[in-house]
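> The structure that follows is given in the form of structure tokens.
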Amino acid sequence: MSRTRTERLVNLVICLLSTRRFLTAAQIAATVPGYEHDPEDPRDHEAFQRKFERDKAELRDLGVPLETGTASVFDQEPGYRIAHREYALPDIILEPDEAAAVGIAARLWQHAGLAAAASSGLAKLRAAGVEVDPQATLGVEPVVTVDPAFGPLTSAARDRRAVTFSYRVPEVDDPATRKLEPWGVVCWQGRWYVVGHDRDRGATRCFRLSRIVGAVKPLGRPGAFTPPENEDLISHVAKWSGPVPHNGRATVTVRPGKAAGLRRWATESLAGPDGDRLTIPYADAERLASTIVGYGPDVRAEGPPEVREAVIQLLKEVVARHEVAA
């Protein structure tokens, strides 16, 4: 199944789960990304109908309980919905490593465009006067994002296609051009890295995605190289990155009795009129900012400026995403 069709099916499921009424094919076409067409054009409309019929059959084959019916006795056109009771799963107990894997998978939603497309679709439903159940897809849209280079690099690794990109390292002002045969993308200590064969250096290299400047461009055709089998990409990143020094010092104000996890990191704590003032050692401002934002209004970043600015930027991104959903 193609990635485009997979995204369309996922968004169709989210759309049908988000309302308890039956939605007509026309409402679905106007809501779900991938079904855009001109209903006045017979050929275009026929192509949509074929696509929709294939997708309905695919969902039923996958075990999705797709129902057909009408919202009222006055409706002439049939509609579709998903039976919530039959679709819901029982409680699942995950082992720690399984839960971690699910958490990593969830981070991909935002970048893959699924969460944004789903939010857009739900906004269209509300605009059309369709009541949307805000609890139906609770937890589907994570707020964790990945770097812009993630998508192009994972696609290139899957297609075995070389890429080129500009890469900046902290000790050098100007980015350098790299040519890489990507073997895969992995997460290490909260950051995403690509590992592969550097063509110019003739050796295995790994690159942090957040340091890639601009677009990742393909080189040559798919299937141009064969990655090594059973290669431990994480070990490459661990050896390359080495221990992370926590040389930075951030100051945060924490409400009394809150943010116990953050307090354990503190090297100093002073009581104040607005809360406890903590000194937190850190290595990466953005990673610390992500932790601070996770505590909501219970924690306020006081300094240094790089941490405050990273917190503000993350909060702006969260607001922007939820404004789209609203």
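According to mature numbering (1 follows the signal peptide of the UniProt record, and there is no 0), the sequence shown holds residues -25 to -1, 1 to 301 in order. A virtual CB, placed ideally from N, CA and C, is assigned to each residue, including glycine.
#1: Between the C-alpha atoms of P231 and W240, what's the straight-line distance to the nearest angstrom?
#2: Considering only residues of the segment 190 to 242, which uninterrupted alpha helix (DSSP H) runs meet the minimum length of 4 residues and lie entirely inside it, listed in chain order?
#3: Could you tell me if P127 is buried or exposed, where buried requires 16 or more neighbouring beta carbons within 10 angstroms of its beta carbon?
#4: What span of residues does the beta strand (DSSP E) with L253 cover, start to end?
#5: Under the DSSP definition of a beta bridge, which residues are partnered with K154?
#6: Grouping DSSP H, G and I as helix and E and B as strand, with all else coil, what is residue 314?
#7: With distances taken from CA atoms, which of W167, D149, R143 and G171 is nearest R133?
#8: Is the beta carbon of R252 closer than 9 Å to that of V227?
#9: Any idea if T(-7) is buried or exposed, counting beta-carbon neighbours within 10 angstroms, 16 or more meaning buried?
#10: Between P203, K233, L245 and V144, which lies nearest to A178 when the distance is taken from Cα to Cα?
#11: Which residue marks the beginning of the beta strand (DSSP E) containing R56, and which one marks its end?
#12: Would you report the Cα separation of T43 and D19, rounded to the nearest angstrom?
#13: Is it buried or exposed for D30, if we count other Cβ within 10 angstroms and need 16 for buried?
#14: So, at 6 Å on beta carbons, what are the nonlocal neighbours of D122 in its own chain, with the 5 sequence-adjacent residues on each side left out?
#15: In whole angstroms, what separates the C-alpha of E292 from that of A285?
#16: Cutting at 6 Å between CB atoms, please list the residues of its own chain near P14, excluding the five before and the five after it.
#17: Check V161 in the structure and name its three-state DSSP category.
#18: Which word fits Q2, buried or exposed, when buried means at least 16 other C-beta atoms lie within 10 angstroms of its C-beta?
#19: With distances taken Cα to Cα, identify the nearest neighbour of D149 among R136, G189 and R174.
#20: Please list, in chain order, all residues of the same chain as V(-13) whose beta carbon is under 8 Å from its beta carbon, the five residues on each side excluded.
#21: Let me know the secondary structure DSSP gives A4 once reduced to three states.
#22: Where does N205 land, buried or exposed, given buried means 16+ other C-beta within 10 angstroms?
#23: Less than 7 Å between C-beta atoms, sequence neighbours within five positions excluded: which residues of the same chain meet that for Q51?
#24: Relative to the ligand HEM, is the shortest distance from any of its heavy atoms to the C-beta of A241 smaller than 8 Å?
#25: From residue 343 to D207, what distance separates their C-alpha atoms?
#26: Which residue's Cα is closest to the Cα of F(-4): V268, K154 and T45?
#27: Reducing DSSP to helix, strand and coil, say where D13 ends up.
#28: Under 9 Å, do V7 and R25 count as touching if we go by C-beta distance?
#29: Can you give the Cα-Cα distance for S141 and V191, rounded to whole angstroms?
#30: Helix, strand or coil for G126? Go by DSSP, reduced to three states.
#31: Where does the unbroken beta strand (DSSP E) through L41 begin, and where does it stop?
#32: My output table needs one value for V144: the three-state DSSP class, helix, strand or coil.
Per the coordinate set shown:
#1: Walking along the sequence shown from the start, residue 231 turns up at place 256. Walking along the sequence shown from the start, residue 240 turns up at place 265. Cα-Cα distance, rounded: 16 Å.
#2: As far as the segment 190 to 242 is concerned, its whole alpha helix (DSSP H) runs of at least 4 residues are 208 to 216 and 235 to 240.
#3: For the purposes of this step, residue 127 is identified with residue 152 of the sequence shown, where counting begins at 1. Result: buried.
#4: Residue numbering aside, residue 253 sits at position 278 when the sequence shown is read from its first letter. L253 -> beta strand (DSSP E) spans G250 to Y257.
#5: Your numbering for residue 154 matches position 179 in the sequence shown. According to DSSP, K154 bridges with T139.
#6: For the chain, the structure presents residues -25 to 301; residue 314 sits outside this window and is missing.
#7: For the purposes of this step, residue 133 is taken as the residue at position 158 of the sequence shown. When each option's Cα is compared against that of R133, the closest is G171.
#8: By 1-based counting over the sequence shown, the position of residue 227 is 252. By 1-based counting over the sequence shown, the position of residue 252 is 277. Their beta carbons are under 9 Å apart, which means V227 touches R252 by this criterion.
#9: Against the sequence shown, residue -7 aligns to sequence position 19. Burial state of T(-7) is buried, judged by a 10 Å Cβ sphere holding 16 or more other Cβ atoms.
#10: Residue 178 sits at position 203 when you count from the first residue of the sequence shown. With distances taken between CA atoms, A178 lies nearest to P203 out of P203, K233, L245 and V144.
#11: By 1-based counting over the sequence shown, the position of residue 56 is 81. From DSSP, the beta strand (DSSP E) with R56 extends over G54 to I57.
#12: Along the sequence shown, read from residue 1 onward, the residue named residue 43 stands at position 68. Along the sequence shown, read from residue 1 onward, the residue named residue 19 stands at position 44. Put simply, the backbone Cα of T43 is about 24 Å away from that of D19.
#13: As a first step, residue 30 is located in the sequence shown; it is residue number 55 there, counting from the start. Classification for D30: buried.
#14: Within the sequence shown, the letter at position 147 stands for residue 122. Sequence-distant Cβ neighbours of D122 in its own chain, meaning closer than 6 Å and more than five residues away, are W167, L184 and S185.
#15: Residue mapping note: residue 292 aligns to position 317 of the sequence shown, counting from 1. Residue mapping note: residue 285 aligns to position 310 of the sequence shown, counting from 1. Rounded to whole angstroms, E292 to A285 spans 11 Å at the Cα level.
#16: For this step, residue 14 is matched to residue 39 along the sequence shown. For P14, the CB contacts under 6 Å within the same chain, skipping 5 residues up- and downstream, are H20 in chain order.
#17: If you number the sequence shown from 1, residue 161 lands on position 186. For V161, the secondary structure class from DSSP, reduced to helix, strand or coil, is strand.
#18: On the sequence shown, residue 2 is found 27 positions in, with the first residue counted as 1. Buried.
#19: As a first step, residue 149 is located in the sequence shown; it is residue number 174 there, counting from the start. Ranking the options by Cα distance to D149, first place goes to G189.
#20: What you label residue -13 is simply residue 13 of the sequence shown in a count that begins at 1. Cβ neighbours of V(-13) beyond the five flanking positions: L34, V39 and I57.
#21: Your numbering for residue 4 matches position 29 in the sequence shown. Helix at A4.
#22: Here the question's residue 205 lines up with position 230 in the sequence shown. Classification of N205: exposed, given that the 10 Å Cβ count is below 16.
#23: By 1-based counting over the sequence shown, the position of residue 51 is 76. Cβ within range, chain order: n/a, list empty.
#24: Only the bare structure without any ligand can be found here, which leaves the ligand HEM out of the picture.
#25: There is simply no residue 343 to check, as the chain begins at -25 and stops at 301 in what is shown.
#26: Looking up residue -4 in the sequence shown gives position 22. Out of V268, K154 and T45, T45 has the C-alpha closest to the C-alpha of F(-4).
#27: In the sequence shown, the residue the question calls residue 13 occupies position 38. In the three-state scheme derived from DSSP, where H, G and I count as helix and E and B as strand, D13 is classed as coil.
#28: Looking up residue 7 in the sequence shown gives position 32. Looking up residue 25 in the sequence shown gives position 50. No. Outside cutoff.
#29: Position 166 of the sequence shown, counting from 1, holds the residue named residue 141. Position 216 of the sequence shown, counting from 1, holds the residue named residue 191. If I take the Cα positions, the gap works out to 8 Å.
#30: Here residue 126 refers to the residue found at position 151 of the sequence shown. G126: helix per DSSP, three-state reduction.
#31: Mapped onto the sequence shown, residue 41 falls at position 66. Secondary structure note for L41: its beta strand (DSSP E) is the uninterrupted segment L41 to G44.
#32: The residue you call residue 144 lines up with position 169 of the sequence shown. Three-state DSSP puts V144 in coil, outside helix and strand.
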